[in-house]
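K.L.:
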Amino acid sequence: MFGLLAYAFAALVVAGALSALVGFFTRVGSSVEKGAGLRILIAWLVCFAGPYVWVEANTAKYAADLEPVVDEAIQKSKIEPDVQFVKVQYAWKDRAKLIVVAKTEEHEWGSYRNLYAVTAVKDGEYWELDEVIPINTEDGDSAGFSIPPYW
Numbered sequence: 015m016f017g018l019l020a021y022a023f024a025a026l027v028v029a030g031a032l033s034a035l036v037g038f039f040t041r042v043g044s045s046v047e048k049g050a051g052l053r054i055l056i057a058w059l060v061c062f063a064g065p066y067v068w069v070e071a072n073t074a075k076y077a078a079d080l081e082p083v084v085d086e087a088i089q090k091s092k093i094e095p096d097v098q099f100v101k102v103q104y105a106w107k108d109r110a111k112l113i114v115v116a117k118t119e120e121h122e123w124g125s126y127r128n129l130y131a132v133t134a135v136k137d138g139e140y141w142e143l144d145e146v147i148p149i150n151t152e153d154g155d156s157a158g159f160s161i162p163p164y165w
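If you count by my numbering, then the sequence shown holds residues 15 to 165, one letter each, in order.
#1: If you scan the region 32-65 from start to end, which runs of the alpha helix (DSSP H) of 4 or more residues do you find wholly inside it?
#2: Do the region 27-36 and the region 50-69 make contact, defined as three or more Cβ pairs closer than 8 Å?
#3: Rounding to the nearest angstrom, what Cα-Cα distance links PHE62 and GLN89 in this structure?
#4: For ALA22 and VAL28, what's the separation of their Cα atoms in angstroms?
#5: Is THR151 near TYR164, with beta carbons less than 9 Å apart?
#6: Measuring CA to CA, which of SER125, TYR66, PHE99, ASN72 is closest to ASP85?
#7: In this structure, what does DSSP give as the bridge partners for TRP141?
#8: Nearest-angstrom Cα distance between GLU119 and VAL97?
#9: Would you kindly work out how many angstroms separate the C-alpha atoms of THR133 and ALA77, rounded to a whole number?
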């Protein structure tokens, strides 16, 4: 949850910088009449939601082709077998990066999820597993985050 707050604050900083940049190139008379608050709010929403929209579009487009890569990572015991969801961060030319969220423990208050970054390379027509990096796991061997944040 802390990662989401940090992400929201970073999006606000970027939105403020973009809004100030737009203000530098706007005529003085027109910028005085319009408040910057609405401009910053709209820029913040775009900066906050834009990466999520990008990832969802990539997931819709490439997830079916990259599913064998996740299966291979599970077979090699690099990822927990109870995968909750897979998101495709990018798939450009011959490289792709996926975020895999796997559930490990179930408690009465909820479940713990491990987060992995999976890199795939394209060999001809098919994607192959390249690397699995634990981003945040219950074993404590990692303490990273993803952009946009997932948990």
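All C-beta atoms in this analysis are idealised placements derived from N, C-alpha and C, irrespective of residue type, glycine included.
P.N.:
Let me spell this out:
#1: 42-47
#2: With the cut-off at 8 Å, the region 27-36 and the region 50-69 touch.
#3: 35 Å
#4: Cα to Cα, the separation comes out at about 10 Å.
#5: No.
#6: PHE99
#7: LYS136, per the DSSP bridge assignment.
#8: 12 Å
#9: 13 Å
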